Amino acid sequence: MLRMRSGCPFLERTRPGPLPGSRRRRGTLCGVPAALPELLVPWFDEHARDLPWRRPGTTPWGVLVSEFMLQQTPVSRVAPIWVEWLRRWPRPSDLASAGQADVLRAWGKLGYPRRALRLHAAATAIAEVHADRVPDDLDALLALPGVGPYTARAVLAFGYRRRAAVVDTNIRRVIARAVHGAGDAGPARTAADLADADALLPADDPTAARFSAALMELGACVCTARRPRCATCPVRQRCAWQAAGRPAYTGPVKPAQRFTGTDRQVRGRLLDVLRDAPGPVTRAALDAAWHDAGQRDRCVLSLLDDRLVEQFADGRFALPGESGPSGAAGSGPSDRP
Ligand code: SF4
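Next comes the structure, spelled out in structure tokens:
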């Protein structure tokens, strides 16, 4: 757990008794962690972005789909794709009955397309094992393909309005600054980060869920990594980083990820060719997608290994489960190119 600095307003605040919706816990981050929810929830009520998965009527399934898509893709790119997915596949069983090629086409350019296949597999498990209802139990959620601790807790919090500590990059940064007075959160420390977030959560389910969403929103829109907008921040008067004089962060810095020229870009180009084609394509069609033959071959092999692409005995390539326009794609997928 991060070391607590003296002078943290959230750590030093004392009250005669717990506020409604907050509770004192032994060994928690703050003795009475009420100030953050009191400041942030009303701010969120007024300033939250109108995101489609936050609208009334969004099901836990809709929340699960949004969390898969948002794992490594910005909100602005996810929103239209999410709307289309929920229109097309409103229940897990609807997605489960779709072919993998259709799913990968619908994933479009969200990137990291293995997420699409994992979501398809999760939908299949929910339809077959959970009677088409997204589980509301942490262990059952964690047992679904592609669902890790963050996603499982996000479904509980945002899909079922439960008290479940959610920790993402934005929340870690807000807690590091507002509570611990550090310029940034540094490398993830899974158990300690979860304990930090849990210590701040109000006791009742709906307020805790709303507070988690508010923390995340603050990190995404106000307490951003490079230029926090402290002048407009609802917790400015109680922010430990402000109180400490905004000390510079001196810990390890994650290197910026480049995209141009990486295998990720090449894999995306190759998948674009397959997504845009009505059926299997020739090797020459893939060769035209990228100039560097060695890198291109490596990426074709990795796509085959990831089962995002299949190769037929006649040498052509296709999205998984896809046959040719006539339904006769050579003699079916081969094991290797
Ligand atoms: S005052 Fe600034 S550093 Fe503190 S929580 Fe708000 S935006 Fe972040």
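In our numbering, the protein residues as written are 196 to 532.
A virtual CB, placed ideally from N, CA and C, is assigned to each residue, including glycine.
Bear in mind that the values here come from a model prediction, so they are computed numbers and not experimental data.
Of the residues the options, the one placed nearest residue i, counting alpha carbons only
{"i": "residue 376", "options": "326, 340, 444", "result": "444"}
{"i": "residue 494", "options": "466, 510, 477", "result": "466"}
{"i": "residue 477", "options": "486, 491, 454, 512", "result": "512"}
{"i": "residue 312", "options": "391, 481, 299, 450", "result": "299"}
{"i": "residue 394", "options": "435, 407, 333", "result": "407"}
{"i": "residue 244", "options": "386, 365, 409", "result": "409"}
{"i": "residue 258", "options": "241, 238, 280", "result": "280"}
{"i": "residue 253", "options": "397, 356, 499, 461", "result": "356"}
{"i": "residue 498", "options": "462, 517, 402", "result": "462"}
{"i": "residue 388", "options": "365, 422, 483", "result": "365"}
{"i": "residue 234", "options": "516, 268, 405, 450", "result": "405"}
{"i": "residue 302", "options": "470, 346, 489", "result": "470"}
{"i": "residue 475", "options": "456, 510, 454", "result": "510"}
{"i": "residue 349", "options": "442, 419, 236, 248", "result": "248"}
{"i": "residue 230", "options": "374, 327, 251, 242", "result": "374"}
{"i": "residue 420", "options": "400, 451, 401", "result": "451"}
{"i": "residue 460", "options": "517, 391, 288, 308", "result": "308"}
{"i": "residue 331", "options": "347, 423, 436", "result": "347"}
{"i": "residue 487", "options": "500, 464, 472, 473", "result": "464"}
{"i": "residue 292", "options": "323, 310, 275", "result": "323"}
{"i": "residue 327", "options": "242, 290, 516", "result": "290"}
{"i": "residue 577", "options": "325, 275, 400, 473", "result": "Nothing about residue 577 can be reported from this structure: the residues present for the chain run from 196 to 532 only."}
{"i": "residue 490", "options": "456, 399, 288, 437", "result": "456"}
{"i": "residue 246", "options": "353, 339, 325", "result": "353"}
{"i": "residue 288", "options": "438, 325, 391, 275", "result": "325"}
{"i": "residue 268", "options": "250, 251, 310", "result": "310"}
Interface flag, residue i vs chain C, CB-CB below 8 angstroms
{"i": "residue 490", "result": "Among the chains in the structure shown there is no chain C, since it carries only a single protein chain."}
Rounded Cβ spacing between residue i and residue j (contact assumed at less than 8 angstroms)
{"i": "residue 329", "j": "residue 255", "result": "4 angstroms"}
{"i": "residue 344", "j": "residue 351", "result": "That pair is no contact at about 11 angstroms."}
{"i": "residue 273", "j": "residue 305", "result": "7 angstroms"}
{"i": "residue 514", "j": "residue 295", "result": "7 angstroms"}
{"i": "residue 238", "j": "residue 260", "result": "Actually they do not touch by this definition, with Cβ atoms about 27 angstroms apart."}
{"i": "residue 479", "j": "residue 468", "result": "Going by Cβ atoms, the distance from residue 479 to residue 468 rounds to 11 angstroms, so no, they are not a contact pair."}
{"i": "residue 236", "j": "residue 402", "result": "7 angstroms"}
{"i": "residue 232", "j": "residue 423", "result": "The Cβ separation is near 20 angstroms, so there is no contact."}
{"i": "residue 425", "j": "residue 437", "result": "6 angstroms"}
Beta bridge counterpart(s) of residue i as assigned by DSSP
{"i": "residue 512", "result": "476, 506"}
Residue i beta carbon near the ligand FAD (any heavy atom closer than 7 angstroms)
{"i": "residue 335", "result": "Questions concerning the ligand FAD fall outside what the structure shown contains, since the ligands it does hold are the ligand SF4."}
Enumerated in chain order, which unbroken segments of the alpha helix (DSSP H) with a length of 4 residues or greater are wholly contained in the region 392-449?
400-416, 435-438
Which runs of the beta strand (DSSP E) spanning at least 3 residues fall entirely within the region 267-309, listed in chain order?
none
Does the pairing of the region 501-509 with the region 276-293 give three or more beta-carbon distances under 8 angstroms?
no
Sufficient close CB pairs (3 or more, under 8 angstroms) joining the region 414-433 to the region 249-265
no
Assess contact between the region 408-415 and the region 365-374, defined as three or more Cβ pairs (one per stretch) separated by less than 8 angstroms. Is contact present?
yes
Check whether the region 351-362 touches the region 317-328, taking contact to mean three or more Cβ pairs, one atom from each stretch, closer than 8 angstroms.
no
Spell out a yes or no on whether the region 378-391 and the region 444-454 are touching, meaning 3 or more CB-CB pairs, one atom from each, closer than 8 angstroms.
yes
I'd like the ranges of any beta strand (DSSP E) spanning at least 3 consecutive residues and lying wholly in the region 327-403.
none
Can you list, in chain order, the stretches of the beta strand (DSSP E) that have 3 or more residues and sit fully within the region 227-262?
none
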